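Asker: A single structure is presented below for examination.
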Amino acid sequence: MAMEIYSKILDEVPEPAVIDDFIRAAEHLGNLQVIYGQQAEAAISYRKALFFARAFQQPDTLVYDINLFLGEVLFRMSRLDSAIFHLKEAERIQSEISLEVSPERLFNALGVYYFETGNYLQSIRYFTQAESYLDAASGDYVQFARYSFLSNKASALYHLEQYDSARRIYSQLLEWNINSDQVRINLANTFLKENRAEEALQTLSQVGDVKGRNFLSFLNLQTKGYLIQNDLTRSDSLLQLTESAFDSLLISSKDYQRGIYLSNYGNFKRKKNSFQEAIKYYHLSVVELHPSFNSDDIFENPKELSLGMGAVTLFESLVSKAEISWDYFKKSQNNEYLELGWDSYESAFELAEFISANFDNDEARIFLGDRALKAYQLAIGQLIDFYQTQQKDSIKNQVFLWAEQSKSTALRLGVLESKKRKNSGIPSTLLDEEQAVLQQLARNYRDQYENPDESRLEALNSEYTDLQVRLSRLRDEIKTFSKNEENTASLSIKAIQSRLPQGVLLISFFEGTDYLTLFLLNNESLEWQVLDWDREDHYQVLEWKDQIRSWRTGMSYQSPLIISQLSNLFFEEWKSVISDASLLMIVPHGVFSGVSFDEFLVDGQMLIEKLPISYQFSALNIQKKDLSTWDQSEMVSFAPFDQKTGPEGLELPALPGSSEEIQDLPGLKLQGPRASLENFLKMANQKRIIHLATHAVASDEDREASFVAFYPDGDFRLFENELKFQAFDQVELVFLSACETASGKFSESEGLVSLARAFSFAGADNLVSTLWLTEDRVATYMSKEFYKGLGEGLTYAEALRAAKLTLLHDPKMAQFRDAPYWTNLIFVGEIQEKSYWDFFLQFFLVGAFALILIGLIYWFLILRFK
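Pasting the structure below:
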């Protein structure tokens, strides 16, 4: 009756005097339609309310709830782009206008959105924010709401593979006796994520009478558990039961649980070696999970990229479809299935990059990149097998491109976003506000880092979450100014080769689960090696890295056997082409991230003796640039700890050698109090070259704890998260003489998430950084020689090599010839190309010098024999 009355009211044309009542009627009708499951009709009612509110220029306060409710409805309809628009509009109204509303429902809705689109870290921040608003509330509602927010948070935690944290929350919720069956279902899901099927099934056995949509989730989880245990009889029965449940519940298409059910069916058929049936079910799962893809043809894959419910699950279904297609190709030798697997992997990888590009933080991108890497390793391993029989260049080329595409996606997307900002017309007020929030986050983290008081830490954690949510809002607003450009670098061999000048050689590593590939690329050809590689090989390299990182001045050193073994394994086949090259660029991966290759051997000589070496995060990051004229006035050096130590407890001793290190360097020199964080932030983007002779702390556990230290007065630490969002557009080179700036927390896809990477993220294209502790006298010597080389017209890579070779041949530095003293300095950056005029000038100068020398010798001999 009420719905009928509201509908009749809305059929009339409203008068201005009663527009408020008219809008409320549309809202109430929408609410009733939601209760009765009429989602599409509710969306129409809410939109009608918004239309008239705009038409009659009603205040935002009137449409806060309507935007929130419409966002929730559109989300349930899998209209995610529209849903987030209205949820963000409600968030804007809530943040700008003081409303007597409880914002926890809004923040929970936003958390659910981020969860379903795979941004689990961001979802946790919103769930935590939602819970924080319950503290001042009262009534029975509070406990139920807190249950909901904590349960959602636990689900995000287990997707982030933080299983212990998720289980602790579920154990807490079971004590509350609120919806315990749903808690057990979620807990079982956590066990399944860890492949602990027995514990998952035992937990599910404690679930009572489950009805409705929860019954579908319950059945899907049981099926997964029995599939893990290879109990195909029970799996088959459960699949039949699940199909009947979908029919009886009249579930419409594009349903997440049906997508899971179809994927389970694909897994079931796969275990029975019914390859074609498995492909069919994986394809149906893709159709169900993709918002707009509806093709019945298994040889097609979605080309339109969009975020839908369970975007990460869609990625997994595409990978499963690709993998089983190639398994069937091996059996049938039908090339259609080779192409199908290839295309399915391509769709999966494009989707992963699209999802990542839509994330608003580096942490979420790194997590997704690590997850996607497992699929890349699987795909590349299969392609390597195919190459053994087919020997096609197209396979070799695809292996190389996928290997490079898998590396440093988060960094590449972050740098691209930063470049887009330059020409996007973003208001300076927004950028200033973003910078202010980043500084507040840095201060907050500093306080957490130093504060042992538990009560104070709780308040700081709450503030940290608020700041992260505020930062998310800002970045969403900033994104609206960016042009919708292609996020992926050109994925072709020719595009990469066009950035490799004559004589430049690229060697790129890719570590798989049981193989290691090495690629050798120049501007004309691509060669590769595929080596057997197991966990024992991996751990031997890891042990060597740990040994050299823990090496200290005064300890004896002998080049380990593993270097000669790996040198023969990697470079023996390519020694002639390496010897003929003018520059070697190395792209490490896996266990080789954080390795210096200087000491590796080619033809009995160290690699650094053969040629200059530079490093890059991925071949897709390679850029070439004309060698610029050296101008020492465009350089600034910082030595904040030349006399003073850091605060007690931080282990930042004075660095008296840093004063000597910078005193003879060109350009502006800032020491002691002048080398403050404030001065660095003021001057950093005014100079082309920055030299930092200071302390750096690189955490291999929590990268947010990594920082570069300046003069210890007030705020003196530049934390990694704040550093990444500095604007170093004008900076050409950063020389990080600080210790361990190229080391940090390890990510499978990004490599070492280091301070050096943060400088790259901020726009510094060229970096000299350190992999482990540096001896003061070596740092001083290397710095002087490096800049001397730049003054002589050398490139950055050439200058660093020249500095190292000069040290090795200088009798005064004989005590520092052991490799750990100097191999820790590495160069990451662009290929600097010398012009023909540079070559001509160098040739002319060398020739002129030779003529003068000959003349002097001739003159000396004439005088002697007169």
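Here the sequence shown is numbered in the numbering used here, starting from 826 and rising by one per residue. Quick reminder that beta carbons are idealized off the backbone N, C-alpha and C, glycines included. Because the structure is a prediction, the values reported are computed rather than measured.
Hey, quick one: how far does the alpha helix (DSSP H) through Met1607 stretch, first residue to last?
Answerer: Locating residue 1607 in the sequence shown gives position 782, where the first residue counts as 1. Counting along the chain, the alpha helix (DSSP H) containing Met1607 begins and ends at Asp1601 to Gly1616.
Asker: Met1410 to Ser1110, Cα distance in whole Å?
Answerer: The count along the sequence shown starts at 1 and reaches residue 1410 at position 585. The count along the sequence shown starts at 1 and reaches residue 1110 at position 285. One C-alpha to the other measures close to 43 angstroms.
Asker: Which residues bound the beta strand (DSSP E) around Gly1576?
Answerer: As a working mapping, residue 1576 is identified with position 751 in the sequence shown. According to the DSSP assignment, Gly1576 belongs to the beta strand (DSSP E) that extends over Gly1576 to Ser1579.
Asker: Does DSSP put Ala908 in a helix, in a strand, or in coil?
Answerer: Indexing the sequence shown from 1 puts residue 908 at position 83. If DSSP states are grouped into helix, strand and coil, Ala908 belongs with the helices.
Asker: Run through DSSP, which three-state label would Leu1633 get?
Answerer: Position 808 of the sequence shown, counted from the start, is the residue given in the question as residue 1633. Assignment of Leu1633 by DSSP, reduced to helix, strand and coil, places it in the helix class.
Asker: Taking a contact to mean a Cβ-Cβ separation below 8 angstroms, would you say Glu1658 touches Leu1341 in this structure?
Answerer: Locating residue 1658 in the sequence shown gives position 833, where the first residue counts as 1. Locating residue 1341 in the sequence shown gives position 516, where the first residue counts as 1. No; because the gap between Cβ atoms is not below 8 angstroms, this pair is not in contact.
Asker: Can you give me the C-alpha to C-alpha distance between Ala1521 and Gly1588, rounded to a whole angstrom?
Answerer: Along the sequence shown, read from residue 1 onward, the residue named residue 1521 stands at position 696. Along the sequence shown, read from residue 1 onward, the residue named residue 1588 stands at position 763. Taking the straight line joining both Cα atoms gives about 19 angstroms.
Asker: Relative to the alpha-carbon of Ser1462, which residue among Tyr1612, Leu1330 and Asp1590 has its alpha-carbon at the smallest distance?
Answerer: As a position in the sequence shown, residue 1462 is number 637, starting the count at 1. Checking every option, the nearest Cα to that of Ser1462 belongs to Tyr1612.
Asker: If you drop the 5 nearest sequence neighbours on each side, which residues of the same chain put their C-beta closer than 8 angstroms to that of Arg872?
Answerer: Reading the sequence shown from its first residue, position 47 is the one you call residue 872. Excluding residues within five positions, the ones whose Cβ falls inside 8 angstroms are Leu895.
Asker: What did DSSP end up calling Lys1570 once you bin it into helix, strand or coil?
Answerer: Mapped onto the sequence shown, residue 1570 falls at position 745. Residue state for Lys1570 is assigned as strand, using DSSP reduced to three classes.
Asker: Please classify Val843 as buried or exposed, where buried requires at least 16 neighbouring CB atoms within 10 angstroms.
Answerer: Indexing the sequence shown from 1 puts residue 843 at position 18. With fewer than 16 other Cβ atoms within 10 Å, it is exposed.
Asker: If I measure Cβ to Cβ from Ala865 and keep anything under 8 angstroms in the same chain, skipping five residues before and after, which residues do I get?
Answerer: As a working mapping, residue 865 is identified with position 40 in the sequence shown. Only Met902 meet the Cβ criterion.
Asker: Under three-state DSSP, which class holds Asp1357?
Answerer: The sequence position of residue 1357 within the sequence shown is 532, counting from 1. In the structure shown, Asp1357 sits in a strand (DSSP, three-state: E or B).
Asker: I'd like to check one pair, Leu935 with Glu916: are the Cβ atoms closer than 8 angstroms?
Answerer: For the purposes of this step, residue 916 is identified with residue 91 of the sequence shown, where counting begins at 1. For the purposes of this step, residue 935 is identified with residue 110 of the sequence shown, where counting begins at 1. Taking the C-beta atoms as reference points, Leu935 is found nearer than 8 angstroms to Glu916.
Asker: May I have the straight-line CA-CA distance separating Lys1605 from Leu1490, to the nearest angstrom?
Answerer: Along the sequence shown, read from residue 1 onward, the residue named residue 1605 stands at position 780. Along the sequence shown, read from residue 1 onward, the residue named residue 1490 stands at position 665. First, the residue type needs correcting, since residue 1605 is Thr and not Lys in the sequence shown. C-alpha separation (whole angstroms): 10 angstroms.
Asker: Can you give me the C-alpha to C-alpha distance between Tyr1558 and Leu1625, rounded to a whole angstrom?
Answerer: Looking up residue 1558 in the sequence shown gives position 733. Looking up residue 1625 in the sequence shown gives position 800. Sequence check: residue 1558 is Leu here, not Tyr. C-alpha separation (whole angstroms): 13 angstroms.
Asker: Spatial neighbours of Ala1479 within its chain, please: CB distance less than 8 angstroms, with the 5 preceding and 5 following residues excluded, ordered by chain position.
Answerer: Here residue 1479 corresponds to residue number 654 of the sequence shown, with the count starting at 1. Taken in chain order, the residues that qualify are Phe1466, Asp1467, Gln1468, Lys1469 and Thr1470.
Asker: Please report how far the alpha carbon of Glu1600 lies from the alpha carbon of Thr1305, in whole angstroms.
Answerer: What you label residue 1600 is simply residue 775 of the sequence shown in a count that begins at 1. What you label residue 1305 is simply residue 480 of the sequence shown in a count that begins at 1. Straight-line Cα distance between these residues: approximately 48 angstroms.
Asker: For Ile1015 and Asn1045, which I take to be in contact (beta-carbon distance under 8 angstroms), what is that distance rounded to the nearest angstrom?
Answerer: Your numbering for residue 1015 matches position 190 in the sequence shown. Your numbering for residue 1045 matches position 220 in the sequence shown. One detail in the question is off: residue 1015 reads as Thr in this sequence, not Ile. So it is not a contact: roughly 15 angstroms between Cβ atoms.
Asker: Considering Cα atoms alone, identify which of Leu1502, Met1431 and Leu912 is closest to Phe1535.
Answerer: As a first step, residue 1535 is located in the sequence shown; it is residue number 710 there, counting from the start. Measuring from the Cα of Phe1535, the nearest candidate turns out to be Leu1502.
Asker: Looking at C-alpha atoms only, which residue of His984, Ala1013, Phe932 and Ser996 is the closest neighbour of Phe974?
Answerer: As a first step, residue 974 is located in the sequence shown; it is residue number 149 there, counting from the start. If we check each option's Cα against that of Phe974, Phe932 comes out closest.
Asker: What are the boundary residues of the beta strand (DSSP E) that Tyr1440 is part of?
Answerer: The residue given as residue 1440 occupies position 615 in the sequence shown. Ile1438 to Tyr1440 is the extent of the beta strand (DSSP E) around Tyr1440.
Asker: Give me whichever residues DSSP pairs with Arg1009 in a beta bridge.
Answerer: If you number the sequence shown from 1, residue 1009 lands on position 184. Answer is none; Arg1009 lacks a bridge partner.
Asker: Exposed or buried, which one is Asp1034 when buried takes at least 16 other CB atoms within 10 Å?
Answerer: Position 209 of the sequence shown, counted from the start, is the residue given in the question as residue 1034. That one is exposed.
Asker: Quick check: the Cα distance between Leu946 and Ser1073, rounded to an integer number of angstroms?
Answerer: Position 121 of the sequence shown, counting from 1, holds the residue named residue 946. Position 248 of the sequence shown, counting from 1, holds the residue named residue 1073. Their backbone Cα atoms lie some 36 angstroms apart in a straight line.
Asker: Measure the alpha-carbon distance for Ser1078 versus Asn1119 and round it to whole angstroms.
Answerer: As a working note, residue 1078 is residue 253 in the sequence shown. As a working note, residue 1119 is residue 294 in the sequence shown. Rounded to the nearest whole angstrom, the CA to CA distance from Ser1078 to Asn1119 is 10 angstroms.
Asker: Give the range of the beta strand (DSSP E) segment to which Val937 is assigned.
Answerer: Position 112 of the sequence shown, counting from 1, holds the residue named residue 937. Counting along the chain, Val937 falls outside any beta strand (DSSP E), though it belongs to the alpha helix (DSSP H) covering Glu929 to Glu941.
Asker: Give the DSSP-derived three-state secondary structure of Gln1457 in the structure shown.
Answerer: By one-based count along the sequence shown, residue 1457 stands at place 632. In the structure shown, Gln1457 sits in a helix (DSSP, three-state: H, G or I).
Asker: Can you tell which of Ser1381, Val1402, Glu1302 and Glu1336 has the C-alpha that lies nearest to the C-alpha of Ser1350?
Answerer: Stepping through the sequence shown from its first residue, residue 1350 is reached at position 525. Here the closest residue by C-alpha is Val1402.
Asker: Assign Val888 to one of three DSSP states: helix, strand, or coil.
Answerer: Along the sequence shown, one-based indexing puts residue 888 at 63. The answer is coil: DSSP assigns Val888 none of H, G, I, E or B.
Asker: Tell me which residue opens and which closes the alpha helix (DSSP H) that His1115 is part of.
Answerer: Locating residue 1115 in the sequence shown gives position 290, where the first residue counts as 1. No alpha helix (DSSP H) contains His1115, which DSSP labels as neither H nor E.
Asker: What is the DSSP secondary structure of Phe1344, reduced to helix, strand or coil?
Answerer: Looking up residue 1344 in the sequence shown gives position 519. Correct three-state label for Phe1344: strand.
Asker: Check whether the Cβ atoms of Ile949 and Leu999 lie closer than 8 angstroms to each other.
Answerer: Here residue 949 refers to the residue found at position 124 when the sequence shown is read from its first residue. Here residue 999 refers to the residue found at position 174 when the sequence shown is read from its first residue. Contact flag unset, no.
Asker: What span of residues does the alpha helix (DSSP H) with Phe1184 cover, start to end?
Answerer: Stepping through the sequence shown from its first residue, residue 1184 is reached at position 359. Segment: none, Phe1184 is in no alpha helix (DSSP H) and carries neither H nor E.
Asker: Please report the straight-line C-alpha distance between Lys1018 and Trp1001, rounded to a whole angstrom.
Answerer: The residue you call residue 1018 lines up with position 193 of the sequence shown. The residue you call residue 1001 lines up with position 176 of the sequence shown. Cα-Cα distance, rounded: 25 angstroms.
Asker: What would DSSP say about Met1508, mapped onto helix, strand or coil?
Answerer: Working through the sequence shown from its first residue, we reach residue 1508 at position 683. The answer is helix: DSSP assigns Met1508 an H, G or I state.
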